[in-house]
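Okay, so here's the structure we're looking at.
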Amino acid sequence: MAGLGLGTVAIGCVMWRNPVASRLFANTLFLAIAAVCLAWPVGVLASWILIRRADRWAMAIFGLLVLMGLIPPYLHAAAWEAVAGASGIVPLDWGGPVLLRGWPAAIWLHAITAILGVLLLSAWGWRSVPRELEDLASLDATPRRVWWQVTLPLASPALVAAAAWIAVSVATEMTVTDLFRIRTFAEEFYTAVAATGTLQGGAWSIWPMVAFLGLVTAVALWLASTLAPHCRWTGLFAQRSREPAGKSAGVGVFLGLLVMCLVIVPVLGLIRKAGLVVTRLDDGWSRGWELRKAVEMVWSSPVDFHRELLWSGILGILVATGGMLLAWAIAWPARRGGKWAAFALGSSALALAVPGPVWAMGLLEAFSYPLPLLSYLRDRTLLVPVLALCIKTLPWAVLVMWHGSRRVPEELWELSRLEGATFWERWWHVGLPWLRVPLAMTWLIGFCLAVGDLGASLVLLPPGVMTLAARIFDRLHTGADAQVAGVCLFQMGLFWLLGGLVVTCATRFNRLR
Numbered sequence: 264m265a266g267l268g269l270g271t272v273a274i275g276c277v278m279w280r281n282p283v284a285s286r287l288f289a290n291t292l293f294l295a296i297a298a299v300c301l302a303w304p305v306g307v308l309a310s311w312i313l314i315r316r317a318d319r320w321a322m323a324i325f326g327l328l329v330l331m332g333l334i335p336p337y338l339h340a341a342a343w344e345a346v347a348g349a350s351g352i353v354p355l356d357w358g359g360p361v362l363l364r365g366w367p368a369a370i371w372l373h374a375i376t377a378i379l380g381v382l383l384l385s386a387w388g389w390r391s392v393p394r395e396l397e398d399l400a401s402l403d404a405t406p407r408r409v410w411w412q413v414t415l416p417l418a419s420p421a422l423v424a425a426a427a428w429i430a431v432s433v434a435t436e437m438t439v440t441d442l443f444r445i446r447t448f449a450e451e452f453y454t455a456v457a458a459t460g461t462l463q464g465g466a467w468s469i470w471p472m473v474a475f476l477g478l479v480t481a482v483a484l485w486l487a488s489t490l491a492p493h494c495r496w497t498g499l500f501a502q503r504s505r506e507p508a509g510k511s512a513g514v515g516v517f518l519g520l521l522v523m524c525l526v527i528v529p530v531l532g533l534i535r536k537a538g539l540v541v542t543r544l545d546d547g548w549s550r551g552w553e554l555r556k557a558v559e560m561v562w563s564s565p566v567d568f569h570r571e572l573l574w575s576g577i578l579g580i581l582v583a584t585g586g587m588l589l590a591w592a593i594a595w596p597a598r599r600g601g602k603w604a605a606f607a608l609g610s611s612a613l614a615l616a617v618p619g620p621v622w623a624m625g626l627l628e629a630f631s632y633p634l635p636l637l638s639y640l641r642d643r644t645l646l647v648p649v650l651a652l653c654i655k656t657l658p659w660a661v662l663v664m665w666h667g668s669r670r671v672p673e674e675l676w677e678l679s680r681l682e683g684a685t686f687w688e689r690w691w692h693v694g695l696p697w698l699r700v701p702l703a704m705t706w707l708i709g710f711c712l713a714v715g716d717l718g719a720s721l722v723l724l725p726p727g728v729m730t731l732a733a734r735i736f737d738r739l740h741t742g743a744d745a746q747v748a749g750v751c752l753f754q755m756g757l758f759w760l761l762g763g764l765v766v767t768c769a770t771r772f773n774r775l776r
């Protein structure tokens, strides 16, 4: 923490000497702080209530919020554009103002997309608190005092990590800020390199912010890694206190509003946009809605966007496979701690702190040397975007594989070594049976992140290649029409399906002993 404070002061002094960089730093910092202030308390409170309720409704609500958190930012932007944008329900059907514009839109959308990380990390923290300590403290103290003196201090690393994760994800994401023309470091760099095609246009202003985000990310990953050997997802919704919690009327209203704002309203906005029918009359225009048209828009999306869907699938498969192998190579030796653990934390922090466009243009510069092979690989293959996406998905893959690798019984591994087995024989007979489910989780998570990414892949796609995310992002600049709403609903369904597979893998992994 002291290093983080000193680093912040040093970077602030560097920024102060450059007025443009200081303005970008101020915008980025304001957006990150605003998103943290909005998403962090709501996510922490919701995770606490849902875990303590310990019923089927809590599990269902938690699952809905997590699935919506898997949705990429551009899909959230499309959904809320259909609700409160220039062509949304609020201005056109209700006669209200356009609410989704400028800073409020950027803060709101970033806070929504951060709910997944806050829910998972804070739930991880609450579940890491040993129940025995809470029961022992409850013999001599009130439940409120137990929570303040026992539960909160033990869960605080995960809660701090959740806040840091929001700040880093907001500062390095450019989709929402580009759509609503908010000048941050990531957006400014993306705009510069998109216009010039080189690093010189925007690299001068990004590195102090990258250094600051690297410090924040390293602290967050270190805090999260301290919980890895102590927390299990088994019994996540099991009752952990003798007093029933989270069953008052106010709690019910809070959860209902949360589900309404994060799930029901955006999905209904897309459904309404997909089925919108505009009819010309003698005295003007008539707006209506047809269920048949909405179904047709969703049903025809795989046909209308088949090329984009195919390229997204190919890119996702390559990134998921490569990222899984790279994460295993980093996380397996790091399971014992030491220098390999420091390398895993450092590489993950660097990959997460550097915005996607920076990695993209760095790889383009590396593949721009006048060599025929490099030119062919850059312009005729998917190697460059695959490398960029493998780097951006590395932190999540490493954390999953690291946690899984620490569950492998060290006694069995050492016993097989004493029996004379080679490394690959030990890996095949001891490591792989314990890591099959974490490997599947890592692959699915990498696939989801690759399919939904824009920052690291948008400027790297070779000629003739267009992913579904890039197509939707391009169409969103002109407004979400019925066809865009239909393909957004279709892609939401795919992400929910993949999210369900990840949850199934996590449940199976927790049953292993």
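Number 405 in my numbering belongs to position 142 of the sequence shown; there are no gaps in the numbering. Beta carbons are placed, not taken as given, at the ideal position from N, Cα and C, and that holds for glycine.
Express the C-alpha separation of residue j and residue i in angstroms, rounding to a whole number.
i      : j      : result
Leu613 : Gly551 : 50 Å
Leu589 : His666 : 15 Å
Glu397 : Phe517 : 26 Å
Gly465 : Pro596 : For Gly465, the predicted model reports a pLDDT of 47, less than 50, meaning its position is unreliable and no value from the coordinates is stated.
Leu652 : Arg286 : 29 Å
Ala629 : Glu688 : 38 Å
Ala604 : Gly365 : 41 Å
Asp546 : Pro336 : 39 Å
Gly586 : Ala616 : 18 Å
Ala341 : Val353 : 15 Å
Arg598 : Leu384 : 20 Å
Asp441 : Glu450 : 6 Å
Leu640 : Asp567 : 29 Å
Ala404 : Glu395 : 14 Å
Ile296 : Thr435 : 14 Å
Thr291 : Ala386 : 28 Å
Val423 : Leu634 : 47 Å
Leu520 : Ala309 : 11 Å
Gly306 : Ser631 : 44 Å
Phe452 : Leu757 : 31 Å
Leu761 : Val714 : 11 Å
Ser391 : Leu739 : 41 Å
Gly749 : Glu344 : 14 Å
At what residues does the alpha helix (DSSP H) containing residue i begin and finish?
i      : result
Trp389 : Ile378 to Ser391
Ile334 : It is not in any alpha helix (DSSP H) - Ile334 carries neither H nor E in the DSSP assignment.
Thr438 : Thr438 to Leu442
Cys653 : Leu646 to Ser668
Tyr639 : Pro635 to Arg643
Val433 : Leu415 to Thr435
Gly586 : His569 to Ala597
Cys524 : Run containing Cys524: none; DSSP gives neither H nor E here.
Ile708 : Leu695 to Gly715
Met624 : Gly619 to Ala629
Arg738 : Leu731 to Leu739
Applying the 10 Å Cβ sphere with the 16-neighbour rule, what's the burial state of residue i?
i      : result
Trp311 : buried
Cys751 : buried
Gly600 : exposed
Ala512 : exposed
Asp737 : exposed
Arg319 : exposed
Ser419 : exposed
Trp411 : exposed
Cys524 : exposed
Trp691 : exposed
Glu682 : exposed
Ser720 : buried
Val431 : buried
Phe606 : exposed
Phe288 : buried
Trp622 : buried
Using CA atoms only, rank isn't needed, just tell me which of the options is closest to residue i.
i      : options                           : result
Val426 : Arg599, Gly380, Asn290 and Arg394 : Contrary to the premise, residue 426 reads as Ala rather than Val in this sequence. With distances taken between Cα atoms, Ala426 lies closest to Gly380.
Gly579 : Ala557, Val329 and Leu650         : Leu650
Leu301 : Val433, Asp737 and Ile314         : Val433
Asp744 : Pro304, Leu382, Ile534 and Thr584 : Ile534
Val439 : Ala400, Arg408, Ser401 and Ala377 : Ala377
Val700 : Ala719, Trp591, Ala623 and Leu330 : Trp591
Met704 : Thr741, Pro618 and Thr584         : Thr584
Thr767 : Arg543, Gly326, Ser679 and Ser563 : Gly326
Is residue i near the ligand MN, judged by its Cβ being under 6 Å from some heavy atom?
i      : result
Val433 : As presented, the structure is devoid of all ligands, the ligand MN included, so that no description of it is given.
Item to check | Validate contact between the segment 602–616 and the segment 643–660 using beta carbons, cut 8 Å, 3 pairs | outcome: yes
Next on the checklist: Three Cβ pairs or more, each shorter than 8 Å: is that satisfied between the segment 368–384 and the segment 351–360?
Outcome noted: no
Next on the checklist: Closer than 8 Å is the cut-off here; do at least three beta carbon pairs connect the segment 412–420 with the segment 699–712?
Outcome noted: no
Checklist entry - Looking at C-beta atoms only, is the number of pairs between the segment 636–645 and the segment 723–733 that lie closer than 8 Å three or more? => result yes
Checklist entry - Hey, is the segment 668–682 in contact with the segment 729–737, meaning 3+ C-beta pairs nearer than 8 Å? => result no
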